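Right, one structure below, let's go through it.
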Amino acid sequence: MAKLKDLIQKEPIMEGGHRMCLGCGAPIIVNLILRTSDAPVVLANATGCLEVASTIFPFTAWRAPWIHSAFENAAATASGIETMYRALRKKGKINKKINFVAFGGDGGTYDIGFQSLSGALERGHRFLYVCYDNGAYMNTGVQRSSSTPFGASTTTSPAGVVIQGKLQKRKDLTKIVVAHNIPYVAQASPHNWLDLTKKAEKAFSVDGPSFINVVSPCPPGWKSEAKDTIGLSKIAVDTCFWPLYEVENGKYTINYKPKEKLPIDAWLKPQGRFRHLFKPENAELLKQIQQDIDKEWEALQRLASL
Amino acid sequence: MKAGSYLLQGNEACAEGAIRAGCKFYAGYPISPSSEIMERIANRFPECKGAFIQMEDEIASISAVIGASWTGAKAMTATSGPGLSLMLENIGYAIMTETPCVIVDVQRAGPSTGQATKPSQGDVMQIRWGASGDYQIIALCPWSVQEMYDLTIESFNLSEQFRVPVFLLCDEAVGHLREKCVIKDDIEIINRKKAKGKPPFGQDGDDLIPPMPSFGEGERLLVTGSTHNEWGFRKTSDPDVQMRLVKRLSDKILLNQDKIIRTENYLLDDAEIGIIAYGITARASLKAVKILREKGIKAGLLRLKTLWPFPEKVIGELSAMVKKLIVPEMNLGQIVREIERVSKCDVVRLSKVNGEVITPSEIVEELLLAKYYS
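Right, here's the structure in full:
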């Protein structure tokens, strides 16, 4: 396993100086994951903040080959690249290991890119798909996605007199990916670099598809403070909103169990997108959110005990 | 909104026009520079008793719109060029099944993702020919925030009347423009024709547009994008059925084009130079006409409010009156080819594809410096 000192000394594949927002979780995640790669990488990037803000003229933040092919196609494009790599390797034209990584936000992964992700996982390409999940379409102005938490106010699920933010629960994409029976699936968070890099190493080591879903705080979208990004991702884990777990060949392991599970308010309160939930008349909604999280956490523990 | 004058953004005015026209269903997917339409709808629909759903992508959006339209709603979606590309399969389906719906395309510069926040007029042919097969659609081009409101209403009316997808083909500049918009009470609203027990996909007497039942009204409906007879039964090997259907899909628009097509003339009566323009480019063209007139040059403008069906009659007539036509557009020459096809005089192209609007002085200079006029 890599030491932090070694990881830091590696030349970054995603270079600093990009234009991601102050306090954005995505570049932290991308940087940590790519630094653990044991081989050169080729990157496919779905449309989104990462794609746009890492390639603003006349710069590119990428020290590796990088392809953006519209919103829904990162996994399908990576499929073509990886298949051709295997063909070239068979013919003896490429002899070294190359890792293929696709990055997408939750919009590009949970929603529009879901079909191409599912297809690529089923076909079994050896590639790592990383979703930086900030819970809405932040690049186009904070519209809800199927990852947006219940109750969050977005520009297309605005909290007002009639509705109190998003009315639907999040799609549990990590478990849907598990249902593809691929070798490695994990959920991670940028605050726990050790856990995240271990997971990336495992993902790069398997012979087949791997998927890591990483919670990614977004100050403009979450209406949170930039300085709170790492703190909020930690609280997401400590409230069990975002448990750290992995599924290796179908076997669930919870990587971190909070000694004292925090109430979900601790995570919701610092985020302006949930402000309306703290009105007295919305107490029931808060209760419901807590109940859902408790239920999901219990279900996950059961899965891990199998 | 109450009748009166408001300062609105073009995209907001479009959403308000939809609400005024009776739109009760919106499905969409975020994409710049159109997202404000969906955001405004999301905000306004709860109080207007409309149903809004955000879909997982654009093909899902147009599919939901089709489903809602067949369930009786006036339905709309809005997108931009790349999103429209993803919708095309079911835009073809909406044409084939004669599903009334309004598709707003706030154009940005392409191809592909291109320039997400810059204006373009690059989808003129994508909306016309993007789907497979032969067909006619209707497309309207607003040049102001007021027309984002007015022509959205008109789009619904035409869509309901002719049972065809209607495109509101605008661009980033008009979509994001903020200016005065007069919200009106007194407007004409057209609703789709209803008749129980009549075939929903055949000629209705002399009328080429059949009545349209909805799911839930008790009719046993068969709706398919495959070739079908007047009752909706799949008949994919019968040459007559295919011929009759496809011919009618075109004829119902083409034979009614005089009722559909809207153009406006500015100082064309004595003009020697005619500018033909649409959308934001027509605004620059009008200013150019005024500048040229001050210089003693007899210029005039023909503004195309309707782009499809193509106003070839009025353009053909104009081309017989003027010495030259100039066609500024924010693409490498899309509508100009149609104009060349029907014109009797010289046609000059003025193309611009750098993501910036064409300015009045560019039109004037093109005419003066290149000695198109002497």
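As given, the protein sequences belong to chains G and S, one line each in that order.
Take any residue in the first sequence, note its place counting from 1, add 459, and you have its number in the numbering used here.
Take any residue in the second sequence, note its place counting from 1, add 267, and you have its number in the numbering used here.
No residue lacks a Cβ here, since even glycine has one placed at the ideal position from N, Cα and C.
Here the structure is a predicted model, which is why all the values come from computation and not from measurement.
Against chain S, with Cβ distances strictly below 7 Å, would residue 734(G) count as a contact? no
Drop a sphere of 10 angstroms on the beta-carbon of residue 702(G), count the other beta-carbons inside from all chains shown, and report buried for 16 or more, exposed for fewer. buried
Comparing the C-beta of residue 571(G) with each C-beta of chain S, is any distance below 7 Å? yes
Flag this pair as touching only if the stretch 569-578 of chain S and the stretch 401-415 of chain S have three or more C-beta atom pairs under 8 Å; answer yes or no. yes
Just how far apart, CA to CA, sit residue 719(G) and residue 693(G)? 13 Å
Is residue 519(S) helix, strand or coil by DSSP? helix
Any C-beta of chain S sitting closer than 7 Å to the C-beta of residue 617(G)? yes
Do residue 392(S) and residue 250(S) have their beta-carbon atoms positioned less than 7 Å apart in this structure? The structure shown has nothing for residue 250(S), since chain S only spans 268 to 641.
Terminal residues of the continuous beta strand (DSSP E) containing residue 595(S)? 591-596
Run down chain S in chain order and give the residues with a C-beta less than 8 Å from the C-beta of residue 605(G). 323
Tell me the residue span of the beta strand (DSSP E) that contains residue 705(G). 704-707
Are there 16 or more other CB atoms within 10 angstroms of the CB of residue 501(S), so buried, or fewer, so exposed? exposed
Can you name the residues that DSSP bridges to residue 343(S)? 293(S) and 369(S)
Could you give the DSSP three-state label for residue 558(G): helix, strand or coil? strand
Comparing C-alpha positions only, which one of 538(G), 627(G), 630(G) and 662(G) sits nearest to residue 644(G)? 662(G)
Whole angstroms are fine: how far does the CA of residue 293(S) sit from the CA of residue 595(G)? 19 Å
Bridge-paired residues (DSSP) for residue 669(G): 587(G) and 643(G)
Which of the three DSSP states, helix, strand or coil, is assigned to residue 273(S)? strand
Around the Cβ of residue 317(S), are there at least 16 other Cβ atoms within 10 angstroms (buried) or fewer (exposed)? buried
For residue 708(G), does the count of other Cβ atoms within 10 angstroms reach 16, so buried, or fall short, so exposed? exposed
By DSSP, does residue 530(S) sit in helix, in strand, or in coil? strand
Pull up the CB-CB distance for residue 634(S) and residue 593(S), whole angstroms please, since I reckon it's below 8 Å. 6 Å
Mind checking who residue 541(G) pairs with in its DSSP beta bridge? Answer by DSSP bridge pairing: none, since residue 541(G) is not bridged.
Would you say residue 591(G) reaches chain S, if we count a Cβ-Cβ gap shorter than 7 Å as a contact? no
Which residues in chain S sit within 7 Å of residue 622(G), going by Cβ to Cβ distance? 313
Of the residues 628(S), 497(S), 543(S) and 277(S), the one placed nearest residue 450(S), counting alpha carbons only: 277(S)
Along chain S, in chain order, which residues have C-beta atoms closer than 7 Å to that of residue 596(G)? 297
Just the chain G side, please: which residues come within less than 9 Å of residue 349(S) by C-beta, in chain order? 506, 529 and 530
Take residue 641(S) and list the residues in its own chain whose beta-carbon comes closer than 8 Å to its own, dropping the five residues that flank it on each side. The predicted model places residue 641(S) with a pLDDT of 45, which falls under 50 and marks its position as unreliable; any figure quoted below should be read in that light. No residues qualify anywhere along the chain.
Quick check: what's the CA-CA separation for residue 620(S) versus residue 547(S)? 14 Å
When you compare the CB of residue 602(G) with every CB in chain S, is at least one pair closer than 7 Å? yes
In the DSSP assignment, the beta strand (DSSP E) including residue 613(S) goes from what residue to what residue? 613-618
Beta-carbon proximity check, residue 729(G) vs residue 683(G), cutoff 7 Å: yes
Which of the three DSSP states is assigned to residue 445(S) in this structure? strand
Any chance the stretch 563-570 of chain S sits against the stretch 621-628 of chain S, with 3 or more Cβ pairs inside 8 Å? no
Measure the C-alpha to C-alpha separation of residue 641(G) and residue 581(G) and round it to an integer number of angstroms. 8 Å
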